[in-house]
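Using the numbering used here, the first residue of the sequence shown is number 9, and each one after it goes up by one.
All C-beta atoms, glycine included, are put in the ideal place defined by N, C-alpha and C.
Take a look at the structure below.
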Amino acid sequence: MKMTTMLLSALLSTLPLQSYAQSETESATWPLIRDSLFPGSPDIVESEDVVSLTAPKRAIDAALVPLEVKVNVRQDDPNPIQRIHLIVDNNPSPIVGSFDMSPNNGVANIATRVRVNAYSPIRVIAQTADGKLHMHSKFVKASGGCSAPAGADDMLARQRMGRMKLKDLAGENSRMMQLLISHPNYSGLQIDQITRHWIPSDYVSDVNITLEGEPVMHFNGGISISENPTFTFHLDKGKSGKLKADVKDSTGRQFSSEWDI
Numbered sequence: 009m010k011m012t013t014m015l016l017s018a019l020l021s022t023l024p025l026q027s028y029a030q031s032e033t034e035s036a037t038w039p040l041i042r043d044s045l046f047p048g049s050p051d052i053v054e055s056e057d058v059v060s061l062t063a064p065k066r067a068i069d070a071a072l073v074p075l076e077v078k079v080n081v082r083q084d085d086p087n088p089i090q091r092i093h094l095i096v097d098n099n100p101s102p103i104v105g106s107f108d109m110s111p112n113n114g115v116a117n118i119a120t121r122v123r124v125n126a127y128s129p130i131r132v133i134a135q136t137a138d139g140k141l142h143m144h145s146k147f148v149k150a151s152g153g154c155s156a157p158a159g160a161d162d163m164l165a166r167q168r169m170g171r172m173k174l175k176d177l178a179g180e181n182s183r184m185m186q187l188l189i190s191h192p193n194y195s196g197l198q199i200d201q202i203t204r205h206w207i208p209s210d211y212v213s214d215v216n217i218t219l220e221g222e223p224v225m226h227f228n229g230g231i232s233i234s235e236n237p238t239f240t241f242h243l244d245k246g247k248s249g250k251l252k253a254d255v256k257d258s259t260g261r262q263f264s265s266e267w268d269i
């Protein structure tokens with residue numbers, strides 16, 4: 009994922025900026041992103057029948073843009089969601105990440121916060137168990153999110169790095185859980201406001217959530233997730249036991265926390 013993202017970012021830097029005369033959810037970068045993620049050009053059905061994305065039309069804070077993904081099938085359906093991709097076409101690293109889902113989710117709805125560096129289509133692509141791809145797109149007006157200064161003092165942020173909290177939120181037919189991870193998630197495009205030096209990239213790259221050792225959700229991604237990442241996911245209502253989160257960042261640090269739920 010990391011190498012693919014780096015090569016894709018280099019190629020995208022050579023492309024012209026999107027002309028906004030075209031449809032808002034079209035972009036010059038999308039064909040290259042699509043072919044990188046899905047070699048062989050498989051069909052991608054664009055509709056809200058299987059998956060839908062909620063995003064602000066204009067972001068209040070480009071470094072903290074909330075995204076919510078909802079799916080219209082449950083995980084005990086004969087054709088459940090296996091993987092969800094999030095993409096911000098015009099980001100320096102457009103592939104936000106992928107989420108591997110499991111039967112333990114009950115429903116594969118997710119939510120998180122991302123950086124948006126320029127006015128851009130944002131896409132969710134859900135892959136069902138039969139291998140078919142379903143996409144929904146939104147256009148978001150935001151700029152500068154990938155280079156925005158960190159919101160917290162660097163020393164304090166590093167002291168808190170790796171701390172986690174789990175919130176059990178209300179859900180109708182499943183338990184909605186929110187994992188909060190303390191991490192500055194530096195994009196590599198930010199400047200230290202005191203030294204004026206570039207801050208090296210340092211971000212959460214993998215989050216693996218299990219329940220009693222069984223998979224719940226796995227995230228793998230790059231620099232586009234916001235500072236202090238949050239991941240909202242679901243658990244089947246009848247599930248309980250020890251929930252564990254194993255987190256790895258781009259420097260190789262590893263953090264773990266667990267909770268009885």
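Nearest-angstrom Cα separation, counted from residue j out to residue i
i: Leu219; j: Lys250; result: 6 Å
i: Asn125; j: Met109; result: 28 Å
i: Lys140; j: Asn228; result: 21 Å
i: Gln186; j: Leu174; result: 6 Å
i: Ser190; j: Glu235; result: 8 Å
i: Glu180; j: Asn113; result: 13 Å
i: Asn98; j: Ser31; result: 14 Å
i: Ala29; j: Ala119; result: Residue confidence for Ala29 is low, a pLDDT of 37 falling below 50, so the modelled location carries little weight and cannot support an answer.
i: Glu222; j: Asp268; result: 14 Å
i: Arg121; j: Val73; result: 5 Å
Integer-rounded CB distance, given that residue j should sit under 8 Å from residue i
i: Ile130; j: Ile89; result: Contact doesn't hold; Cβ gap of about 18 Å is too wide.
i: Ala67; j: Lys146; result: The pair is not a contact, with the Cβ atoms about 11 Å apart (cut-off 8 Å).
Other residues of its chain near residue i: CB distance less than 7 Å, five sequence neighbours each side excluded
i: Met184; result: Leu177, Ala178, Thr240, His242
i: Ser209; result: Tyr194, Ser195, Gly196, Ile231, Ser258
Range of the contiguous beta strand (DSSP E) that encloses residue i
i: Ala165; result: First-last for Ala165: 162-168, but that is the alpha helix (DSSP H), not the beta strand (DSSP E).
i: Asp108; result: 103-108
i: Ser44; result: Note, Ser44: premise wrong, no beta strand (DSSP E); alpha helix (DSSP H) at 38-45.
i: Gln262; result: 262-268
i: Ala253; result: 250-257
i: Thr218; result: 212-219
i: Val58; result: Neither: Val58 is in no beta strand (DSSP E) and is coded neither H nor E.
i: Val81; result: It is not in any beta strand (DSSP E) - Val81 carries neither H nor E in the DSSP assignment.
i: Lys173; result: 172-177
Segment limits, alpha helix (DSSP H) that includes residue i
i: Arg123; result: First-last for Arg123: undefined, no H or E at that position.
Contact with chain B by residue i, beta-carbon distance below 8 Å
i: Lys173; result: The structure shown contains no chain B, having only a single protein chain.
6 Å CB neighbourhood of residue i in its chain, flanking five on each side removed
i: Asp254; result: Asn216, Ser264
i: Asp138; result: Asn87
i: Lys78; result: Ser60, Asn117
DSSP bridge partner residues for residue i (one or two, in chain order)
i: Leu75; result: Thr120
i: Thr240; result: Ala119, Gln186
i: Gly229; result: Gly105
Neighbourhood of residue i by C-beta, 8 Å cutoff - its chain only, sequence neighbours within 5 removed
i: Asp51; result: Lys140, Leu141
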